[in-house]
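Protein chains in written order, with my numbering: chain A, 1 to 430; chain B, 1001 to 1360; chain C, 2001 to 2627. Beta carbons: idealized from backbone N, C-alpha and C, even for Gly. Everything numeric in this text was worked out from a predicted model, so none of it was measured. See structure below.
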């Protein structure tokens, strides 16, 4: 086990290192699937340069990182300018480590919960989780994150989503281990950087409720987490204000994420819609799209209140599909957490189709981008078709996972009936 | 008894003389009133070319040809609104710069030296066109860009460009629908901005543009029916574009024979360009027009009516060698005295009074 | 979401699909090929038409009448070419300058990446005619690659004389709305690539092609016409459109040239074939089909058929007009007619307001007046490559059902269920090492040319031998591994997952390639699909041996060899087969070298496709029986 872990870490490191050193790293950095206007390293260097010159990097349309990130990048580029790639690789390795550790603990929790549950039917003992699986699962999670082409591309393309992924994996780690206050702090950091992780406050509540039985304790815990989250966030914003000297960074960072002024193509759904629509509908559609990104949090938290880890994965996946500037880094994060639920895979029906669609989209996207931009033989519709198919595949994956969870839950509680009155029967979702 | 008979005779004579003189006077009145039977007092023309780009040369040539005809028949430039969406004369592709021809053989330069384009280039938009028709223009619009018609104005409206079923394309970026146009005309009617309108349109599926009209006193003609295309007539191989459309070509051919005192009527004009030469069916709309087109002279729309003032005072024209002062004096003495005019000043170019106040 | 619910109809469909999968594959493949062949037949394709209204082709009277001027230019040019080793820059420059054009030189250097790494310098000459009343925002280009009469491809001096004459005529006209650039390149394609790189400030081959700086520029180039006129009196115009990586110019440009040639009574041909006379008959189909196949063959090579092929990447629509005097109809046109055709083309291009965007970019031409659009040939291609997906789906479904079967057969026994439970996911894991290692090998082959070249230099090999020998050695070493492996057993489901992955990979590759270069995709699909689908279907020894032989035949290098062999035998029926085979062998070495060169200098994707995708897939297919 330890040997396999070492191999996967080593291969992840070697792959990233060699790709950084090769000539295609520049090309990867330019790819729109990897770097978006809010996560591009080129814009970071531009913003840092402006900051050093004394000009506010938020005055133009170039820089969209938060002020404390700006400070951090400024220090990084000043002292370790030759080793920035090493920083990215280390962050990726750390992310994998935290994900693996979280997966281990999470797997153990799940196995324990299932073996202790008294509601299950006897015959379903065959499909319960075993402790022996747990170590393997953690290894798979780490390996997937280290060797997934998406995360490698994000790392080599120097997307700042790498740092967001680190923060998110750290928060997941703390959530699973029960350190809810620290989770709140880290979530505040992640929200401060990229806004959408605010949705993960709800699973934090649920994880904090684990050990607390009475409503009063729960309410206190929830209030405490909320208080810590809000105060951390506010203090971060105030410090940012002090650093930059004015509040105009709010428009450049959260304003950009929410109001989507920059319509550079990416793997998301926003850009094409907003280039095509009429101006006087823009605000309406902006509200619709942004509410759509957040609304699923409510029903899903209610349904999955017993299983907050699945909720985290689903929310991460929905963020990757519906956020305003997604990239492949977001997909890499939740894809690597999927093996945690591999006991659901036998109940999933569409893995083949989803896999095929994602494979074909990954291959076709650069080709259609080339045909659109360089010879002009294709146009924006082709590229948008690919991103649409890609997002549809991800939605299929999410819904399939949810259905598999429900199916397995049912079988655990009621046993698998293959025949009723002699006729073969099948499960239906209503 | 003799006295009674003589009285009767004299009164009879007097009565008959009175009657005869009265009838003479009423004849004069009749002649007088017959002068203004159509009851319009001024003519306006709105000529619109809605398409841009070099290969739509013929639309600009169409409009300018009509401009020339209308000007020749008497409507002055001050009462013509000419809207041209793109300049063809100065286009870099024009091998004969500063000219626009509508005919490959005769080479009439319809652009000439004295063309006055009121709305040019990107000013030709749907919004500007409707504002022009309805009169709802911003207060600083110059006079040449306003349609200053009243309830006695006859307006000739000619539109050409690319059209479709129910719409006309403006500038390749927007469209005016037949409903919008009908509503604009209704606004004009309600604001008493026209007496009669003659609406001509030369585009593909042009009939659809007048199908929605519902205001009175509109006579409309279109170069093609719904579902038909209006075709161009011929191309000029030295310039390399099509120079005129079929309907406009034959309409102009008809108009060339018309003089300001011509007796042709509108019914003849509506029959111009039969299907065998036009390839498309010319459609017209007469139901909103209260007069019979056969009784309407062509010059009611294409020519210009001038106001005539009859005066009975004599005017002494002094000899040319007289001094300036005397002339003025003589002339002025025959004029009726005007009221004392108020002195009017130009507004200060620079509002110095603002600063003067602050100084205090 | 109907897809999520389990329905009875769903499973019925699956059962039907599994039963008839193989028949479906075969049917799809055959129907696809037949459809593709039928596309050449007139009822199944469309007549060409002009989509761009602004062109107004042929509407304007062409007025080019040079008298004897062009012949005088031609005579002087022949003398100058005779007395100069390279392009007579001084004389040409002086001629252009006299007409009032802006003349510029363009120097570039090619650092050849292999062998003794020699440096080649070149100098292009170009002149810009500024539009008299426009702002130089757009330009159209007329280019001629410089070839003297000693060149094996024929002299292009008449083309340059015509260009000079046209330049003089164009200069006198008022109606140009775009600048006209007249370009004479040295060293053929390298010159074109260097000029384009310098014009657009891009670096296609950093470190290899140093494209220098341009002193004078115009605006965005809308279209380019390349002339290769070999004689002052020609019999026909051959229009060449195939560009690099299978890109084609907009169909409107092709239609424009053909239309104007027709109006000036210059016969126009496509791939040296004129339109079939009786189009709906068998004879007509044969001629159209042979034209179509010529186009498919040339497009599949991914090499540009003329200098115009390098323009397409910059969104410049370009084609080459080749004028030859040895056509079947005899001499039909002289400088006047040729000049008028080009004048007409340029007048129409002058009318354009936007880039070409209306007409097709993806098409196949069975003749000069008919075209096959992407909507017609894509379904045919889709059917040819569909067996890959059908078989993959079939395999996946059978894997699923075998897992379910295992589960059902032994209820209540924990161990078996654990294995069954882990069946799909870990077996995917099992398949990955093979995929991974074959791709690593492909990457190694991609990175190898420089190293093999260095080794070859040390061992004093010829240039093409070094690279070719190295690659062949590497591949042979890998190939013989299965011979030493005794493990020819088949392991139930796990064999299936390998096949599934290979088929999916190949399918994704073919469909993607069809969007770029449909001819290459069709050719490879026709060859690879049967072999890939039949891989591992039977475990009998004889079958495995026959299949391996077939697989050897479709190895990328072997394919190249066979194509060259067939081509050589077809073109030259007099020599013996042995000679042809030897010729093909030397040809393969050259092809490998050229494809690597083309990748380094022009970014031609043949080498990347062959080493990065085709080779790994082939290796996976090769190693299948050993798993």
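Asked, Found
"Please check if any C-beta of chain A sits within less than 8 Å of the C-beta of residue 2313 (chain C).", "yes"
"Which residues in the same chain as residue 1303 (chain B) place their Cβ atom closer than 6 Å to its Cβ, once the five residues preceding and following it in sequence are excluded?", "1073, 1074, 1260"
"Of all the CB atoms in chain C, is at least one closer than 8 Å to the CB of residue 374 (chain A)?", "yes"
"What residues in the region 2163 to 2175 of chain C have a beta carbon less than 9 Å from any beta carbon of chain B?", "2173, 2174, 2175"
"Quick one: measure Cβ to Cβ for residue 2374 (chain C) and residue 2525 (chain C), integer angstroms, because I've assumed they're closer than 8 Å.", "About 16 Å; that fails the 8 Å criterion."
"Alpha carbon to alpha carbon, how far is residue 2092 (chain C) from residue 2267 (chain C)? Give it in angstroms, no decimals.", "30 Å"
"Taking 6 Å as the limit between beta carbons, can you name the residues of its chain near residue 2296 (chain C), skipping five residues before and five after?", "2519"
"By Cβ distance, which residues of its chain are closer than 8 Å to residue 1134 (chain B), with the 5 residues on each side in sequence left out?", "1184, 1187, 1188, 1191, 1193"
"Does the region 1083 to 1100 of chain B come close enough to the region 1236 to 1243 of chain B that 3 or more CB-CB pairs lie under 8 Å?", "yes"
"Pick out the complete alpha helix (DSSP H) segments inside the region 1261 to 1294 of chain B, 4 residues or longer, and give them in chain order.", "1266 to 1270, 1275 to 1278"
"So for residue 100 (chain A), helix, strand or coil by DSSP?", "helix"
"Just confirm the distance between the C-beta atoms of residue 169 (chain A) and residue 229 (chain A), as a whole number of angstroms; I'd bet it's less than 8 Å.", "About 18 Å separates the two Cβ atoms, so there is no contact after all."
"Residues of chain C with a CB under 8 Å from the CB of residue 371 (chain A): which are they?", "2515, 2516"
"Starting from residue 1186 (chain B), trace the alpha helix (DSSP H) both ways and give me its first and last residue.", "1178 to 1190"
"What distance in whole Å lies between the Cβ atoms of residue 144 (chain A) and residue 339 (chain A), which are believed to be in contact at a cut-off of 8 Å?", "6 Å"
"Quick check for students: name the residue ranges of the alpha helix (DSSP H) that lie wholly in the region 127 to 159 of chain A, counting only runs of 4 or more.", "131 to 147, 149 to 156"
"What do you reckon, are the CB atoms on residue 2471 (chain C) and residue 2437 (chain C) nearer than 8 Å?", "no"
"According to the Cβ coordinates, are residue 2561 (chain C) and residue 2528 (chain C) closer than 8 Å?", "no"
"At the 8 Å Cβ level, is residue 1051 (chain B) part of the contact set with chain C, yes or no?", "no"
"Quick one: using the 10 Å Cβ neighbour count with 16 as the cut-off for buried, is residue 1090 (chain B) buried or exposed?", "exposed"
"So the candidates are A:166, A:100, A:163, A:132; which of them puts its Cα closest to the Cα of residue 140 (chain A)?", "A:100"
"Could one say the Cβ of residue 1163 (chain B) lies closer than 8 Å to chain C's Cβ atoms, at least one of them?", "no"
"Any residues in the region 355 to 366 of chain A with a beta carbon nearer than 7 Å to a beta carbon of chain C? Which ones, in chain order?", "356, 359, 360, 363, 364"
"Can you find at least 3 beta carbon pairs, one from the region 2192 to 2201 of chain C and one from the region 2128 to 2135 of chain C, that sit closer than 8 Å?", "no"
"Would residue 2340 (chain C) pass as an interface residue toward chain B - the criterion being a Cβ-Cβ separation below 8 Å?", "no"
"Three or more C-beta pairs under 8 Å: does that hold for the region 2236 to 2243 of chain C against the region 2312 to 2331 of chain C?", "yes"
"Check each candidate in B:1277, B:1231, B:1235 and name the one with the smallest Cα separation from residue 1253 (chain B).", "B:1277"
"Going along chain B, which residues have a C-beta under 9 Å from residue 2504 (chain C)?", "Correct list: empty, because the minimum Cβ distance to chain B is about 46 Å."
"Taking 8 Å as the threshold (C-beta atoms), are residue 1202 (chain B) and residue 971 (chain B) in contact?", "The displayed coordinates of chain B run from 1001 to 1360. Any statement about residue 971 (chain B) would go beyond what the structure contains."
"So what's residue 33 (chain A) in DSSP terms, helix, strand or just coil?", "coil"
"Mind checking whether residue 377 (chain A) and residue 2361 (chain C) have CB atoms under 8 Å apart?", "yes"
"In the DSSP assignment, what residue or residues form a beta bridge with residue 2047 (chain C)?", "C:2370"
"Using CA atoms only, rank isn't needed, just tell me which of A:281, A:188, A:157, A:310 is closest to residue 109 (chain A).", "A:310"
"For residue 2362 (chain C), decide whether its Cβ has a neighbour in chain A, counting only Cβ atoms nearer than 8 Å.", "yes"
"By Cβ distance below 8 Å, which residues in the same chain neighbour residue 190 (chain A) in space, the five residues on each side in sequence not counted?", "164, 167, 168, 171, 197, 200"
"Measuring only the C-alpha atoms, how far is residue 2474 (chain C) from residue 2557 (chain C)?", "13 Å"
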